[in-house]
Structures are given as C-alpha cells and as structure tokens.
Amino acid sequence: MGANNQTRVSEFILLGLSSDWGTQVSLFVLFLVMYLLTVLGNVLIVLLIRLDSRLHTPMYFFLTNLSLVDVSYATSIVPQLLVHFLVEHKAIPFLSCAAQLFFSLALGGSEFLLLAVMAYDRYVAVCDPLRYSAIMHGGLCTKLAVSAWVSGSINSIVQTTITFQLPMCTNRQIDHISCELLAVVRLACVDTSSNEVAIMVSSIVLLMTPFFLVLLSYIRIISTILKIQSTEGRQKAFHTCASHLTVVALCYGMAIFTYIQPRSSPSVLQEKLISLFYAILTPMLNPMIYSLRNKEVKGAWQKLLGQFSGLTSKLAT
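Residue numbers (our numbering): 790 to 1106.
Structure (structure tokens):
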C-alpha cells in the first residue's frame, strides 16, 4: 500500500470469534469457567508443592515455574477476551496491545524452554540416577529457570519492538482474539519479509532448539528404560516421565505448526483456535495431567485432604 494509507494508530479492533450476541454470551460463560479452573488448578499445584516437603525436588521446582507461566499466560489474554464478549466496541489501546503481545510472547517462549529444562531433569533422573542430586543441585535449577524466563523476555522485547515500529495501515481491525504476532504484522503497510525472518529465527531458537533437546533427551531416556531388566523397573522409570511427555506433546505440536512457516501459516480460524488452545486449554489441562498421572502429586493431595478433614473434624467437635 502507499504512504497515504499509513496512519498513527491509537487503538485496534479485535474481531474475536463471533459477532452473534447469543454465541458470545455462551462463549463468555464457557471461557470464564475454564479460566477460573485454570487459575485454581495452577495456584493449587504451586501451594501443594510449597506445603509438602516431599515435593521439594528439582522436578517440582520446575513444575512450579511452569504453573506460574501457564496462569500468567492465560491472564494476559483471557480477561480481555471475556470483556470483549460483553461489549459492542471491541477496542484495545495501542499500548495495551503491545503489552499483551510482549507478555504472551515472553511467557510462551519461557514455557518452551522450561519444558526443555524439565526434559533434561528427567534425563538425569532416569539415565544417571546415582548422580542426580549432585547434578541437579539448587544452584543449577535456579540458573536454568531464570535463563528460561530471561530468554523468553529478551526474544519478546525484540519481536514486540520491531512489530510495533511497522507503519500501520488505516485498517485497525485485527482478525484475532488477541494481539497475536502474525495478526498484527498483517496490518503493516510495508513489506514484512524482515519481520518474517525474525519470526523464523526466534522460532528456531526458542521453539525448534528446545524441541530437539527434548527429543534427544527422550531418545536417551527410552533407550535407558528398554535396558532395564524388570517390568516393574521399566514402568517406574516411564511413570517419572509420563506427565511431562504428555505436556510436551500438547505444547510443541501446534506451536511448530503455527510459527515455523509464517508464509504458509494456517487459516485465520485455525490461528484463533490455536491461540485458544494455548491461552485456555493447555494451562487448564497441565495441572490435571500432573495430578492424575503422578503418584507423588496424588499422594500429596491425599495427605493434604486428610489433614484438612482431620482439622474440620476437630473444629466440629
């Protein structure tokens, strides 16, 4: 487009999922319930890990970080989405849009790196159990977690800065549920090839590299498990990784599908559904996966519920 079509944008219009009022109300109720379950589930996981000394291990330290990322990611998108279901003018100010993009990118990148760190933790636990405590000491765990948060934030600063420096066209409508990276880039009045290259590079650094590290870790883990003689030993080793492997499969698949090839990206509807998957479904499912498939977490829940029952019984008498 020409220079005459460029304008100084003060706000954007998010088109969302539907313009039908009845559909919007139904979606509001559904997503509100899912968001509340997400917040409750992740907060309870964090509190449970803090309260039960048996869960003060590297694996659950990283799980705490993952839960904080999940609830923060959902909070960066879902409340605004819920408000827009109930208002006619679905506007988001320029600065709020930039902030939303920054937090979603930072938290998303941090999550992928945390999953890679958790895969390394499981690799050490299964493949080198005798040296596990010496290798995965508190200092290393803290450095790995901080590195994940900082790396995701640095990438997000770069992507957000170069995206919102683009000259925007008079069309302020973002055909998405939030200020998603590819949806905002489409509004630019100039060639965005350099932005697509930047997206590709960050996808390789923060998505594909951690993915291959996870893949390598699990190749080694599976190889080690297959060498275990007893069936009980193999099952025990597998169960230590099952929850994490399930979460990895959920998180990495759609991200690779969405971002690794911006020029041949999925349809707008698919992008919206993928964003909903990451903003609502994955953060809601992660605490359930770790609670239902992990014996230590289930045991901690039973202990906590038993203590609560005992306390209420004493108060009643």
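The C-beta atom is built at its ideal place from N, Cα and C for all residues, glycine as well.
Predicted, not measured: the structure shown is a model, and the values here were computed from it.
- In this structure, A880 lies away from T949, with their beta-carbon atoms at least 7 Å apart.
- Here R1023 has I1014, I1017 as same chain residues with Cβ atoms under 6 Å from its own Cβ, once five neighbours each way along the sequence are excluded.
- A straight-line Cα-Cα distance of about 7 Å links H845 and I838.
- According to the DSSP assignment, E800 belongs to the beta strand (DSSP E) that extends over 800-803.
- In the three-state DSSP reduction, C1030 falls in the helix class (H, G or I).
- For A880, there is no enclosing alpha helix (DSSP H); the enclosing beta strand (DSSP E) covers residues 880-882.
- Fully enclosed alpha helix (DSSP H) runs of no fewer than 4 residues occupy 970-974 of the region 946-975, in order along the chain.
- Contact between the region 1055-1071 and the region 922-929 is absent: fewer than 3 CB-CB pairs across the two stretches fall below 8 Å.
- Under the Cβ criterion (8 Å, minimum of three pairs), the region 853-871 counts as touching the region 896-907.
- Rounded to the nearest whole angstrom, the C-alpha separation of I993 and P999 is 9 Å.
- Taken atom to atom, the span from the alpha-carbon of A1089 to that of T1035 is near 21 Å.
- In terms of Cα proximity to L933, the closest of V867, I951, F850 is F850.
- For Y1007, the enclosing alpha helix (DSSP H) starts and ends at 998-1016.
- Using a Cβ distance threshold of 7 Å, V1003 and V1037 count as a contacting pair.
- Note on P868: under 16 other CB atoms within 10 angstroms of its CB, so exposed under the neighbour-count rule.
- A contact between stretches requires three or more CB pairs, one per stretch, nearer than 8 Å, and the region 904-924 fails this requirement with the region 954-964.
- The C-alpha of T853 is placed about 31 Å away from the C-alpha of T952.
- Restricting attention to S799, E1085, V1086, P1076, the CA atom closest to the CA of L825 is found in P1076.
- Comparing alpha carbon positions, the residue from L803, V798, S799 closest to D964 is L803.
- L836 and S842 have their C-alpha atoms spaced approximately 11 Å apart.
- Following the DSSP letters along the chain, one finds R839 inside the alpha helix (DSSP H) bounded by residues 810-840.
- Note on G811: under 16 other CB atoms within 10 angstroms of its CB, so exposed under the neighbour-count rule.
- Straight-line spacing of the CA atoms in S1012 and H1028 works out to 15 Å.
- Sorting Q813, S807, G830 by C-alpha distance to the C-alpha of L1074 places G830 at the top.
- Exclusion of the five residues before and after C1030 leaves R911, V915, Y1007, I1010 as the residues of its chain whose Cβ lies within less than 8 Å of its Cβ.
- For the 7 Å CB-CB criterion, F801 and F874 do not form a contact.
- M848: member of the alpha helix (DSSP H) spanning 847-875, first to last residue.
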